[in-house]
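Structure, as structure tokens:
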Amino acid sequence: MNENQARASVGTSGWNKPKWRGHFYPPGLVQRREFEYATGHLRSLEINTTFHGLPRRSTFLNWRAEAPDGFLFAVKGSREVTHDHRLRTPETDVARFFGPGPLMLQEKLGPVLWQTPPSLSFHPDVTEDFLAALPHSVRDAQLLHERLGLEEGASRLSELPDRPIRHAFEVRHESFLAPGFPELLRSHDVAAVVTNSPDWPEILDVTSDFVYVRLHGDANHFPDGYDDATLDLWAERVVAWLSGESCPDNRGRDVFVYFDNPDHEGIRSPFDAMRLQRRLDDAEESAPSGPGPTFPALLW
Numbered sequence: 001m002n003e004n005q006a007r008a009s010v011g012t013s014g015w016n017k018p019k020w021r022g023h024f025y026p027p028g029l030v031q032r033r034e035f036e037y038a039t040g041h042l043r044s045l046e047i048n049t050t051f052h053g054l055p056r057r058s059t060f061l062n063w064r065a066e067a068p069d070g071f072l073f074a075v076k077g078s079r080e081v082t083h084d085h086r087l088r089t090p091e092t093d094v095a096r097f098f099g100p101g102p103l104m105l106q107e108k109l110g111p112v113l114w115q116t117p118p119s120l121s122f123h124p125d126v127t128e129d130f131l132a133a134l135p136h137s138v139r140d141a142q143l144l145h146e147r148l149g150l151e152e153g154a155s156r157l158s159e160l161p162d163r164p165i166r167h168a169f170e171v172r173h174e175s176f177l178a179p180g181f182p183e184l185l186r187s188h189d190v191a192a193v194v195t196n197s198p199d200w201p202e203i204l205d206v207t208s209d210f211v212y213v214r215l216h217g218d219a220n221h222f223p224d225g226y227d228d229a230t231l232d233l234w235a236e237r238v239v240a241w242l243s244g245e246s247c248p249d250n251r252g253r254d255v256f257v258y259f260d261n262p263d264h265e266g267i268r269s270p271f272d273a274m275r276l277q278r279r280l281d282d283a284e285e286s287a288p289s290g291p292g293p294t295f296p297a298l299l300w
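Quick note on numbering: the UniProt record's numbering labels position 270 of the sequence shown as 270, and the sequence is numbered without any gaps.
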């Protein structure tokens, strides 16, 4: 793949899943090898532990060192920012999150996911203040620490190479379907998360230079994970984003897709992720010579 070509990274929301043992994780695989197994079979993982509290910096360094080359992590933003303070003290909360913790992932850091609770409705001023506080590079994070007088954080961040920081915003209240919300995200270069769930609004607007998808599924319709026809549909959507066909400026976007199926503790999530990734890989291989991508039915 050309390094400038848009790429798709498909994975799951988390990997420390006891119910996966004996299913995705082979019988007898020791727990300390599960991270290695997950990163060896998936292209990306969403780190969810950061929602509840930041691990030690050494943990991020270990994840970076142990994941294969080209692997990308998404990192879920702190619930203190989105749920406890409900976006209303953004600069201090965001600076605390980037201190420097997740930035230790360096080239393996993908987007940062900010997920609001179902009870939080759309308040344009509050949302804009939060979006404006988000750093879009390591240097931005350093400057935020300096502005707030957080000298220790600023010093640690100054030791890291400057890299872009991407942000994605997931909402769960119908009021965010307001016409002005996508434009607000676009003005701050933040991606609207495409949330596939029967319980929350699904926003398909492309508002940044990448697309972020979370597939929560519907246990009533997909008790055994996503079926082939539905994965075919999502593969077509992802290909259209990658090519730029579904983007307002016709420019291709990187796409991140994470499965968080509600079935039986998400046992099918990693299998569905691999099935979708295989469809996308096949589409990429067939694109130069074929009339268009095909998506074979795959079983895992």
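Beta carbons: idealized from backbone N, C-alpha and C, even for Gly.
Simplified DSSP state of residue i, which is helix, strand or coil
| i | result |
| --- | --- |
| residue 191 | strand |
| residue 225 | strand |
| residue 62 | helix |
| residue 137 | strand |
Whether residue i touches residue j by CB criterion (7 Å)
| i | j | result |
| --- | --- | --- |
| residue 255 | residue 8 | yes |
| residue 108 | residue 51 | no |
| residue 215 | residue 259 | yes |
| residue 142 | residue 157 | yes |
| residue 11 | residue 43 | yes |
| residue 210 | residue 192 | no |
| residue 185 | residue 6 | no |
| residue 174 | residue 115 | no |
| residue 113 | residue 168 | yes |
| residue 122 | residue 176 | yes |
According to DSSP, residues forming a beta bridge with residue i
| i | result |
| --- | --- |
| residue 113 | 76, 168 |
| residue 45 | 12, 73 |
| residue 259 | 12, 215 |
| residue 21 | 25 |
| residue 254 | 210 |
| residue 4 | None; residue 4 has no bridge partner. |
Where residue i falls, given that 16 or more other Cβ within 10 Å makes a residue buried
| i | result |
| --- | --- |
| residue 231 | buried |
| residue 221 | exposed |
| residue 78 | buried |
| residue 31 | exposed |
| residue 132 | exposed |
| residue 323 | Outside the displayed span of the chain (1 to 300) sits residue 323, for which this structure offers no information. |
| residue 224 | exposed |
| residue 13 | buried |
| residue 279 | buried |
| residue 187 | exposed |
| residue 67 | buried |
| residue 285 | exposed |
| residue 56 | exposed |
| residue 19 | exposed |
The ligand FMN heavy atom lying under 6 Å from the CB of residue i
| i | result |
| --- | --- |
| residue 180 | Here there are no bound small molecules, and the ligand FMN is not part of this structure. |
CB contact check: residue i to chain C, cutoff 7 Å
| i | result |
| --- | --- |
| residue 269 | Going by chain labels, chain C is absent from the structure shown, which holds only one protein chain. |
Between the stretch 27-46 and the stretch 60-67, can you find at least three pairs of beta-carbon atoms closer than 8 Å? yes
Please determine if the stretch 77-95 and the stretch 123-138 are in contact, where contact requires at least 3 C-beta pairs separated by less than 8 Å. yes
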